[in-house]
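Asker: Residue numbers (my numbering): 438 to 615. From the three backbone atoms N, C-alpha and C, an ideal C-beta is built for every residue, glycine too.
1. Using a Cβ-Cβ cutoff of less than 8 angstroms, which residues in the same chain neighbour residue 451 once the five nearest sequence positions on both sides are dropped?
2. Residue 475 and residue 494: beta carbons closer than 7 angstroms?
3. Under DSSP, the beta strand (DSSP E) around residue 544 begins and ends at which residues?
4. Beta-carbon separation of residue 541 and residue 491 under 7 angstroms?
5. Going by the CB atoms, is the gap between residue 498 and residue 518 shorter than 7 angstroms?
6. Might you give, ordered along the chain, the residues of its own chain that have their beta carbon closer than 6 angstroms to the beta carbon of residue 515, omitting 5 neighbours on each side?
7. Could you check the C-alpha separation between residue 502 and residue 534 for me, to the nearest Å?
8. List the endpoints of the continuous beta strand (DSSP E) containing residue 565.
9. What is the DSSP secondary structure of residue 471, reduced to helix, strand or coil?
10. Short of 7 angstroms in beta carbon distance, which residues of its chain neighbour residue 560, apart from the five on each side in sequence? Order them along the chain.
11. Between which two residues does the beta strand (DSSP E) holding residue 508 run?
12. Under a three-way DSSP split, which group does residue 559 fall into?
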């Protein structure tokens, strides 16, 4: 019997690829909190969801900071990176049967704004947002739109929720002022 025999296949993949952080997506909640807790205990990277509260999960972080050594024009130096992650607010409706009573999902834009500010105040040189939100305001709810380009705080945002191609041509895909 190997150590991997009972490990979740995605945990094995994330650990093998040495993920630095994992942002929670709404489908990660489809099998109830016990299942997610078991999965979270198997991964080496921090599991982050900044706008989900009241789950009782002790290994789900609202934000995370890490230090990485980079080669800059001044030579090698440390950079402190803050990471946060948000879910669509509708997750509390979509997963009502799987979430514990009292679980809440805060507004993602408000959450990103405040958490990014907090991470910067804690010394983060760079804040990255893992937004399981979509690329735009497709239905007025699950998209995060151009948040990353229009507001201060986060330097980079990875946005994905819909399983389709980016609606903009390649020349227009980068957010402004990031």
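Answerer: In terms of the structure at hand:
1. As a working note, residue 451 is residue 14 in the chain shown. Closer than 8 angstroms at the Cβ level, and outside the excluded window around residue 451, lie 459, 480, 481 and 482.
2. Numbered from its first residue, the chain shown carries residue 475 at position 38. Numbered from its first residue, the chain shown carries residue 494 at position 57. No. Outside cutoff.
3. Translated into positions along the chain shown, residue 544 becomes position 107. Neither: residue 544 is in no beta strand (DSSP E) and is coded neither H nor E.
4. As a working mapping, residue 541 is identified with position 104 in the chain shown. As a working mapping, residue 491 is identified with position 54 in the chain shown. In contact: residue 541 and residue 491 (Cβ atoms closer than 7 angstroms).
5. Position 81 of the chain shown, counted from the start, is the residue given in the question as residue 518. Position 61 of the chain shown, counted from the start, is the residue given in the question as residue 498. No; because the gap between Cβ atoms is not below 7 angstroms, this pair is not in contact.
6. If you number the chain shown from 1, residue 515 lands on position 78. Cβ within range, chain order: 504 and 506.
7. In the chain shown, the residue the question calls residue 502 occupies position 65. In the chain shown, the residue the question calls residue 534 occupies position 97. Their Cα atoms are separated by approximately 32 angstroms.
8. Within the chain shown, the letter at position 128 stands for residue 565. Residue 565 -> beta strand (DSSP E) spans 563 to 568.
9. As a working note, residue 471 is residue 34 in the chain shown. The answer is helix: DSSP assigns residue 471 an H, G or I state.
10. In the chain shown, residue 560 corresponds to position 123, counting from 1. Excluding residues within five positions, the ones whose Cβ falls inside 7 angstroms are 517.
11. Position 71 of the chain shown, counted from the first residue, corresponds to residue 508. Start and end: 501 to 509.
12. By 1-based counting over the chain shown, the position of residue 559 is 122. Coil, per DSSP.
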